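So the structure is just underneath, and the comments pick up after that.
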Amino acid sequence: MNAIVTVVGNDKVGIIAKVSAFLAERNINIEDISQTVLSGNFVMMMMVDLSHSLKPLETVKNELSAMGESMNVSISVMHERVFSAMHRI
């Protein structure tokens, strides 16, 4: 099962490292990643594989959201099918 992780907020050192470490600790593989900084705003999208995750999607979503709050960034997780349906033209 794949999901899309998005991270948005003010750029600061360690965002990618913290999110990547969180995912690795839960056996979630990053399959693709794109990130940029626009006028000091950090934006990252990741396609992750949760098929071997140690925790269910809902728990991962809640934990990442809480981690984002502690880092003053917004982190959201959405199942790939939901993301694709929302962005279909």
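Take any residue in the sequence shown, count from 1 to its spot, add 12: that is its number in my numbering.
We put the CB at the ideal spot given by N, CA and C, even for glycine.
Only a predicted model underlies this, so the values are computations on that prediction, with no experimental measurement involved.
Which listed residue (the options) has its alpha carbon closest to that of residue i
i, options, result
"N74", "H64, V60 and M90", "M90"
"I16", "K30, E37, I42 and D23", "I42"
"S88", "D23, M58 and S63", "M58"
"V49", "E70, N84 and K24", "K24"
"G52", "N22, T18 and I28", "N22"
According to DSSP, residues forming a beta bridge with residue i
i, result
"G21", "F54 and V85"
"I16", "M59 and M90"
"V49", "F54"
Run of the alpha helix (DSSP H) containing residue i, from where it starts to where it stops
i, result
"I10", "For residue 10 there is no data in the structure shown, the boundaries of the chain being 13 and 101."
Proximity of residue i and residue j at Cβ, strictly below 7 Å
i, j, result
"D20", "V55", "The sequence shown places Val at residue 20, rather than the Asp named in the question. A contact, by the Cβ cut-off of 7 Å."
"S77", "N39", "no"
"M13", "S63", "yes"
Below-7 Å beta-carbon distance, residue i vs any chain B residue
i, result
"V85", "In the displayed structure, chain B is absent; only one protein chain is listed."
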